[in-house]
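Residue numbering for the sequence shown follows this note's numbering, starting at 148 and increasing by one per position.
For reference, the structure discussed in these notes is given below.
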Amino acid sequence: MKKPLTVLNESRGKNIIACLRNDREYHGLLDGYDPHMNLVMKNAEEKVSGEKVRHHDMVIVRGDNVIYISP
């Protein structure tokens, strides 16, 4: 079984889905992360309840808000 940070490292430069609290998701390219699961994503779409709300060239997601990350 792979460790979570290993999976994140293998996902750098690839599209991921970060599911957050309050039924919010970000779909975009993983640019970086840290041991606290803080994420830096590029070309990210922000979705609330499955509906696209806006597009971000770059977004920083605080790890405390992350429920799960799907590579």
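Cβ atoms here follow ideal geometry from the backbone N, Cα and C, with glycine treated the same way.
Test item: CB-CB of residue i and residue j under 9 Å
{"i": "M184", "j": "G210", "result": "yes"}
{"i": "V195", "j": "N169", "result": "yes"}
{"i": "A165", "j": "M188", "result": "yes"}
{"i": "Y173", "j": "E192", "result": "yes"}
Collapsed DSSP secondary structure at residue i in the structure displayed
{"i": "L211", "result": "Here residue 211 is Asp; the residue named in the question, Leu, does not match the sequence. Residue state, collapsed to three classes: helix."}
{"i": "N169", "result": "coil"}
Residue i versus the options, residue with shortest Cα-Cα distance
{"i": "V213", "options": "D204, K189, K149, I163", "result": "I163"}
{"i": "G197", "options": "L167, L186, E157, T153", "result": "L167"}
{"i": "I207", "options": "T153, S217, L177", "result": "L177"}
Rounded Cβ spacing between residue i and residue j (contact assumed at less than 8 Å)
{"i": "N190", "j": "G179", "result": "Rounded, the Cβ-Cβ distance is 14 Å, inconsistent with contact."}
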